[in-house]
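Trainee: Numbering (the working numbering), first residue to last: 14 to 159. Got a structure for you, questions after.
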Amino acid sequence: MKVKEIMSQPVITVTADTTLEAVAGVMLRHNIGCVPVMDDDAKLVGIITHSDFIAKKKGIPFSRVRLPMLLGYGLREGTETIYDAAKSLTAGEIMTPNPVVLTEDDLVKTFLEKMLNDRVTHVPIVRGDSVIGVVARHDLLKMIAD
Numbered sequence: 014m015k016v017k018e019i020m021s022q023p024v025i026t027v028t029a030d031t032t033l034e035a036v037a038g039v040m041l042r043h044n045i046g047c048v049p050v051m052d053d054d055a056k057l058v059g060i061i062t063h064s065d066f067i068a069k070k071k072g073i074p075f076s077r078v079r080l081p082m083l084l085g086y087g088l089r090e091g092t093e094t095i096y097d098a099a100k101s102l103t104a105g106e107i108m109t110p111n112p113v114v115l116t117e118d119d120l121v122k123t124f125l126e127k128m129l130n131d132r133v134t135h136v137p138i139v140r141g142d143s144v145i146g147v148v149a150r151h152d153l154l155k156m157i158a159d
């Protein structure tokens with residue numbers, strides 16, 4: 014089976030200068046787990062997923078220490094304070110640049126391999142320079158439900 018058979022579309026995208034507050038609103042309104050980030054020429058430059066909004070442990074350069082971080086802030090500042098300050102961040106500041114992509118003719122097996130090997134949960138599907146869909150873990154349910 015090819016990813017075009019299970020991908021979600023139409024794709025909702027944002028630009029790198031979209032505020033994080035607007036990104037969160039778009040994701041909530043459309044009930045989606047990610048948004049591809051496009052440049053001014055409508056080329057894919059990054060991706061933001063729901064996991065970018067939760068705390069992660071990040072390494073400190075030249076150290077073995079990993080500290081909990083939320084949207085680029087240490088958790089000592091307080092969760093509410095961090096989320097409030099983050100509203101003015103832009104998509105370009107928190108996106109994962111150069112995301113893993115697939116084409117519509119790639120196999121679902123390739124998506125599964127990317128999930129495991131690259132630790133991704135959402136993959137934009139491209140045709141040339143255009144993003145035409147997104148495949149996420151949730152889309153795998155379509156293989157059983159249909």
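Backbone N, C-alpha and C define an ideal beta-carbon position, used for all residues, glycine too.
Since T31 contacts T109 with CB under 8 Å, what's their CB separation in whole angstroms?
Mentor: About 15 Å separates the two Cβ atoms, so there is no contact after all.
Trainee: State the beta-bridge partners of K127 as determined by DSSP.
Mentor: K127 pairs with nothing; no bridge assigned.
Trainee: Would you call the stretch 131-143 and the stretch 107-122 touching, i.e. three or more CB-CB distances under 8 Å?
Mentor: Yes, they touch.
Trainee: Quick one: give me the first and last residue of the beta strand (DSSP E) that L57 is part of.
Mentor: From DSSP, the beta strand (DSSP E) with L57 extends over L57 to T62.
Trainee: I107 lies in the alpha helix (DSSP H); which residues open and close that run?
Mentor: Here the alpha helix (DSSP H) through I107 covers A104 to I107.
Trainee: Do I45 and I19 count as a contact pair if the criterion is CB distance below 8 Å?
Mentor: Their beta carbons are not under 8 Å apart, which means I19 does not touch I45 by this criterion.
Trainee: Could you tell me which residues DSSP puts in a beta bridge with I138?
Mentor: DSSP, once it has assigned bridges, lists L115 and G146 as partnering I138.
Trainee: Reducing DSSP to helix, strand and coil, say where V27 ends up.
Mentor: Strand.
Trainee: Give the C-beta separation of V58 and A29 to the nearest angstrom, bearing in mind that I take them to be a contact with Cβ-Cβ under 8 Å.
Mentor: Contact flag correct, Cβ pair sits at about 6 Å.
Trainee: Under the rule that 16 or more other beta-carbon atoms within 10 Å means buried, what is M40, buried or exposed?
Mentor: Result: buried.
Trainee: Indicate the three-state DSSP secondary structure (helix, strand or coil) for M14 in the structure shown.
Mentor: Here M14 sits in coil by DSSP.
Trainee: Assuming V144 contacts C47 under a Cβ cut-off of 8 Å, what Cβ separation, rounded to an integer in Å, is found between them?
Mentor: Their Cβ separation, rounded to whole angstroms, is 11 Å, which puts V144 and C47 out of contact at 8 Å.
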